[in-house]
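Participant: Numbering (the numbering used here), first residue to last: 40 to 324.
Backbone N, C-alpha and C define an ideal beta-carbon position, used for all residues, glycine too.
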Ligand SMILES: Nc1ncnc2c1ncn2[C@@H]1O[C@H](COP(=O)(O)OP(=O)(O)OP(=O)(O)O)[C@@H](O)[C@H]1O
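(1) Alpha carbon to alpha carbon, how far is residue 111 from residue 176? Give it in angstroms, no decimals.
(2) What's the gap between the Cα of residue 86 and the Cα of residue 190?
(3) Less than 7 Å separating the Cβ of residue 296 from some heavy atom of ligand 1?
(4) Let me check you understand the geometry: is the CB of residue 235 closer than 7 Å to at least one non-hydrogen atom of ligand 2?
(5) Considering only residues of the same chain and omitting the five flanking positions on each side of residue 65, which have a CB-CB separation below 6 Å?
(6) Within the continuous beta strand (DSSP E) that includes residue 75, where are the two ends?
(7) Do residue 196 and residue 151 come within 8 Å of each other at the CB atom, strictly closer than that value?
(8) Roughly how many whole angstroms lie between the Cα atoms of residue 57 and residue 286?
(9) Quick one: which unbroken alpha helix (DSSP H) runs of 4-plus residues sit fully inside the region 158–246? Chain order, please.
(10) What would DSSP say about residue 151, mapped onto helix, strand or coil?
(11) So residue 251 and residue 99 are in contact, right, with Cβ under 8 Å, and what is the actual spacing, rounded?
(12) Measuring alpha carbon to alpha carbon, tell me which of 108, 271, 262 and 316 ends up nearest residue 293.
(13) Just how far apart, CA to CA, sit residue 119 and residue 201?
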């Protein structure tokens with residue numbers, strides 16, 4: 040079986056099963072019957088999902104699949120139309136303070152305090168999280184150092200590059216040592232050296248028992264990083280489970296993904312783009 044193939048209607052029970060079929064004792068996130076509609080557009084169509092704790096989890100899907108909307112609802116940034124989310128044992132909407140103390144979030148299009156320096160931002164986040172000043176300073180120094188931001192720590196965030204913004208956002212999300220870290224496209228705009236650094240930090244973090252949930256389009260990255268994946272398309276979960284189970288007999292996660300999301304019939308080698316390229320001739324009026 041390939042992972043857990045989800046039925047087309049959003050009525051799966053959402054359990055997570057290991058390859059031996061055993062149910063793990065702990066789940067970091069439990070999603071039940073989650074729906075979100077924007078006008079006529081159904082962004083998330085009744086998903087059920089249980090994400091195991093202590094794993095590196097990838098949420099993958101094509102553009103518009105509903106990944107950001109799902110992560111926003113799971114992290115308490117967007118209220119669902121229907122459904123329930125439990126993170127680290129607490130209901131996200133009934134018990135938001137408990138949940139927010141236990142999670143870190145790096146959202147898509149992260150808004151930062153542009154007129155603070157990177158170091159000041161971490162100082163501010165430490166206070167917000169109730170950390171003692173000395174502890175904040177120690178952690179900030181280590182994070183800035185490992186993320187190669189020490190040289191830019193006194194620069195204003197407005198002057199940071201895209202990759203530097205991702206890294207300072209990640210540092211801010213990790214500062215309070217959350218149980219579960221949610222990252223929306225964390226590697227977008229990040230150079231390969233920084234990506235390797237971020238990867239090292241996250242691997243170390245999950246090795247200590249914490250959970251990372253991240254969304255990405257980059258299958259090679261997901262395949263090399265994740266222990267567990269959920270594939271989403273058109274607002275529904277198409278498959279979820281340990282990476283090897285979801286990949287099944289396909290040669291790569293990319294191949295399995297294309298099959299799962301039904302990306303057939305978009306072959307660009309036909310004549311539908313016959314005007315594109317050097318041999319197409321010029322348009323005459
Ligand atoms: N605020 C909004 N208002 C209206 N429609 C929205 C809004 N947010 C998302 N949508 C729609 O909901 C659907 C899911 O969008 P979402 O951003 O969750 O997808 P995604 O999987 O994160 O896509 P991408 O990989 O391109 O970022 C899309 O059709 C999108 O147009």
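Facilitator: Taking the definition as stated:
(1) 30 Å
(2) 44 Å
(3) no
(4) This structure lacks ligand 2; its bound ligands are ligand 1.
(5) 92
(6) Segment 66–77, the beta strand (DSSP E) holding residue 75.
(7) yes
(8) Note on residue 57: pLDDT 38, under 50, position unreliable in the model; no value is reported.
(9) 172–185, 201–213 and 231–246
(10) coil
(11) With a Cβ gap of about 14 Å, residue 251 and residue 99 do not count as contacting.
(12) 262
(13) 30 Å
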